[in-house]
Amino acid sequence: LIPLLDLALEKAGEHGVRSVVMAMAHRGRLNVLANIMGKRAQSIFWSFDDPNPEMFRGGGDVKYHMGYSSDWTTRAGQKLHISLCFNPSHLEFVNPVALGRCRSKQDRDGDVHRTDNMTILIHGDAAFIGEGVVQETLNLSELPGYKTGGTLHVVINNQVGFTTEPDQGRSCTYATDIAKMLEIPIFHVNGEDPEAVAQVVAIAMDFRKQFEKDVVIDMYAYRKLGHNESDEPRYTQPLMYAAIDSKKGVRESYLEHLLSMNGMSRLEADEISETRHQQLTREFELAKSEPFVHDLQSMTGIWQGYFGGPEPADLNARTTIGRSTATEILEKISQVPPGFHVNKKTARVLEDRRDMSTGKTKLDWAAGEALAFASLAIEGHPIRMSGQDVERGTFSHRHAVLHDVDNNAKYMAMGHLMQNQARVEIVNSPLSEAAVLGFEYGYSLDCPEGLVLWEAQFGDFWNVAQCIVDQFITSAEDKWKRLSRLVMLLPHGFEGQGPEHCSARLERLLLLTAEHNVIVAQPSTPSQYFHLLRRQVKSKWSKPLIVLTPKSLLRHPGCTSVLEEIEQGSFQKILGDDRPANQPTRRILMSSGKAYYDLFEERKKLGRDDVALIRVEQFYPMDPANVVEALSKYPAGTPVYWYQDEPSNMGAWQFVKMRWGDDIAKSHPLSLISRPESASPATGSLRSHKLEERDLLTQAFAGL
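Numbering (the numbering used here), first residue to last: 72 to 775.
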């Protein structure tokens with residue numbers, strides 16, 4: 072593997088590549104860190120001793136998952152920056168992350184031909200054919216919104232997966248047969264023949280350069296030992312390991328070949344071995360004698376000035392824009408080039424946006440989003456958004472990319488705002504969650520100054536990418552000290568569409584929150600959404616942002632904002648009631664999102680001005696003191712009800728009770744109004760849904 076990577080990097084330099092992003096699992100990783108990435112052996116030996124347990128109490132990660140970056144100088148003098156991605160034990164899920172990083176570097180460098188930056192992905196045979204994310208990632212290879220100019224795939228084929236034989240692990244001949252979908256070369260090579268490996272690497276890299284396509288090297292090898300340090304492989308592979316035990320190592324067999332060809336003397340070979348042994352021994356002794364110094368690389372370069380950790384008291388981010396700027400943006404995004412003919416219904420959407428630019432009509436949700444995107448692009452912040460159907464929007468609300476009805480030509484007004492604006496990329500993704508979310512997460516790692524978003528078709532579907540959320544987005548800062556400013560948009564709301572089109576599983580997202588690792592928000596107005604998105608970019612405090620976005624509220628007459636709310640104010644974590652301050656209050660209903668509008672309309676219908684409505688716009692991070700302050704204007708003892716559409720075992724209730732309940736209960740009794748606990752989120756019957764919703768609203772105002 073080491074000579075293979077060495078030769079691949081040499082070829083990359085020869086081809087004019089300036090940056091290589093690499094990803095691999097644990098097997099051989101320490102070897103790669105030391106002999107390719109240039110990590111000091113002393114640091115690796117330190118990691119085995121684990122000399123400072125207090126430093127990583129509750130955090131950090133095992134040595135086999137750590138990433139590294141360094142510079143590689145080829146024998147011809149070309150310099151490459153090489154990066155090995157941090158990764159979890161969840162095999163192959165780092166692949167789209169690495170590709171996203173590569174694409175981000177290409178876009179930053181203006182590498183439109185995808186030639187200056189490349190990716191090398193190192194796989195295992197069992198995982199390459201077994202994990203579905205591999206196929207999802209391969210499918211990105213030729214897509215305009217995701218292609219990176221060709222990836223070198225190296226499969227370390229140990230001919231066993233832990234204890235699973237190949238005939239138990241795949242239904243095809245080769246572990247690499249999945250890559251046939253791309254109609255690319257797949258080279259099968261004997262890992263015990265270094266010269267054959269060298270030939271294959273040269274051909275593979277030349278192919279990638281010439282055709283800008285992926286290429287696969289399937290290197291047959293074997294594990295000398297078991298699956299890990301303590302594993303005994305002879306329990307399950309006795310014949311294989313009898314053969315392995317009788318074999319000479321690759322170094323010895325290749326040395327015999329060189330000796331027979333008079334390519335090297337035994338003395339020269341022994342000197343090389345002894346020199347390397349002395350170097351490692353010296354590093355080992357230093358690891359025992361010198362005090363531990365961790366070499367986790369800090370956030371430098373493009374991340375200079377950004378920071379993670381706890382939320383600062385003042386985010387110091389101005390999110391407003393001027394009235395003239397907002398008006399000009401709305402005018403421009405409502406225009407099409409001469410001779411460009413859009414669908415009649417689309418034309419009405421554009422006409423509505425022109426009316427919004429003059430203040431004739433209020434801003435809807437899509438307008439608030441467009442103002443955030445466009446204003447950031449004008450200010451020099453690149454925008455990248457992908458996901459299923461995002462160009463139009465699942466609910467036909469965005470219409471960011473227009474289609475000519477006569478010739479299907481495309482036009483994105485947001486890319487034509489002004490001459491020196493930052494790039495705006497809004498692209499439909501393939502029908503994939505794991506690979507695409509992983510790709511956008513990777514993209515965000517190399518684009519701190521931009522707004523990088525992934526939108527789920529419905530919020531219900533993000534759990535297909537649960538691994539990316541759990542292993543990367545919510546935990547990378549704690550494990551690896553890596554920051555991301557990725558935005559996840561998850562359409563959420565109980566509207567009678569059944570159990571698979573109602574819930575972004577807010578309860579699960581909130582269970583993942585700790586140590587200020589992510590932001591979880593549910594803005595309820597276009598202006599709140601506008602300020603939230605701009606805050607994500609304008610603040611140097613860097614966290615992934617998870618937003619529960621609306622569906623029916625996209626066109627709700629009450630879910631609107633005026634231009635004054637864009638040119639003034641900021642994002643508010645809690646929105647208080649708009650009733651007069653001296654209004655008597657007999658009950659306080661706290662809610663979020665669509666539930667607030669249901670309560671507002673019911674209160675208006677009943678004329679119950681003695682019920683206060685409070686909206687939670689951001690769940691996390693949230694200091695309980697902020698919640699107490701929002702309630703402090705009401706008399707102590709006034710009952711507070713958390714109102715939600717979700718069943719009691721879902722939604723925000725458990726989080727509200729656990730995180731804020733004790734503080735609220737000091738002055739107000741706290742109770743719940745929700746659907747009963749349920750194994751699935753919602754009914755599949757629209758009529759049943761309406762009955763349940765009526766019961767909830769009746770309960771909310773009952774007994775007054």
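Every residue gets a Cβ at the ideal spot worked out from N, C-alpha and C, and that includes glycine.
Quick caveat: nothing in here was measured; it's all calculated off a predicted structure.
Query: Bridge partners - Trp786, DSSP secondary structure assignment; Result: A query on residue 786 cannot be resolved here, the shown segment of the chain reaching from 72 to 775 and no further.
Query: Three-way DSSP call (helix, strand, coil) for Arg279 in this model; Result: helix
Query: Residues of its chain near Asn106, where Cβ-Cβ distance is below 7 Å and the 5 sequence neighbours each way are ignored; Result: Ile73
Query: Minimum C-alpha distance to His259 - residue among Gln281, Asp680, His602, Gln230; Result: Gln230
Query: As assigned by DSSP and simplified to three states, the class of Gly439; Result: helix
Query: Ordered list of alpha helix (DSSP H) runs contained in the stretch 234–293, each at least 4 residues; Result: 237–240, 265–282
Query: Beta bridge counterpart(s) of Trp533 as assigned by DSSP; Result: According to DSSP, Trp533 bridges with nothing at all.
Query: Uninterrupted beta strand (DSSP E) stretches inside the stretch 104–149 (no shorter than 3 residues); Result: 139–144
Query: Buried versus exposed, by CB contacts within 10 Å (16 or more), Thr429; Result: exposed
Query: Through-space distance from Pro167 to His224, alpha-carbon basis; Result: 13 Å
Query: Counted within 10 angstroms of its Cβ, other Cβ atoms place Gln563 as buried (16 or more) or exposed; Result: Looking at the sequence provided, one finds His at residue 563 rather than Gln. Counting Cβ neighbours within 10 Å, His563 comes out buried, since at least 16 surround it.
Query: Residue from Glu511, Met489, Ala505, Asn491 with nearest C-alpha to Ile497; Result: Glu511
Query: Sub-8 Å separation of Lys611 and Asn588 beta-carbons; Result: no
Query: Alpha carbon of Leu646 to alpha carbon of Val495, nearest angstrom; Result: 32 Å
Query: Residue span of the alpha helix (DSSP H) that contains Ser369, given as start and end; Result: Element bounds for Ser369: n/a, residue is neither H nor E.
Query: For Val168, the first and last residue of its enclosing alpha helix (DSSP H); Result: 165–180
Query: CB-CB length for Arg455 against Tyr377, believed under 8 Å; Result: That belief does not hold up - the Cβ atoms of Arg455 and Tyr377 are roughly 18 Å apart, past 8 Å.
Query: Beta bridge counterpart(s) of Gln689 as assigned by DSSP; Result: Ala592
Query: Cβ-Cβ distance between Leu78 and Val205 below 8 Å; Result: no
Query: The stretch 88–107 / the stretch 332–349 touching (three or more Cβ pairs under 8 Å); Result: no
Query: Integer Cβ distance of Ala527 from Glu207, believed to fall under 8 Å; Result: In fact, because the Cβ distance is near 15 Å, the residues do not count as touching under 8 Å.
Query: Per DSSP, cross-strand counterpart(s) of Arg455; Result: Glu496, Val523
Query: Reference Met693; option with closest CA among His739, Asp648, Gln643, Asp649; Result: Gln643
Query: Whole-angstrom distance between Leu560 and His602, CA atom to CA atom; Result: 15 Å
Query: CA-to-CA distance, Ser574 to Ser317, given in whole angstroms; Result: 58 Å
Query: Whether Leu101 touches Tyr139 by CB criterion (8 Å); Result: no
Query: Distance between Phe233 and Thr596 (C-alpha atoms, nearest Å); Result: 52 Å
Query: Gly530, buried or exposed, once every other Cβ within 10 Å from all chains shown has been counted against 16; Result: buried
Query: His760 versus Pro718: straight-line alpha-carbon distance, rounded; Result: 12 Å
Query: Cβ contact check for the stretch 243–262 and the stretch 190–205: 3 or more pairs under 8 Å; Result: yes
Query: Supposed contact pair His452 and Ala493 - C-beta distance, whole angstroms, cut 8 Å; Result: 6 Å
Query: 8 Å Cβ cutoff met for Ile249 and Lys284; Result: no
Query: Whole-angstrom distance between Asp669 and Ala26, CA atom to CA atom; Result: Outside the shown range of the chain, which is 72 to 775, sits residue 26, and nothing can be said about it.
Query: Rounded straight-line distance, which links the Cα of Asp238 to that of Lys295; Result: 21 Å
Query: Start-to-end residues for the alpha helix (DSSP H) that takes in Asp423; Result: 415–429
Query: Inter-residue Cα distance where the pair is Val413 and Asn478; Result: 10 Å
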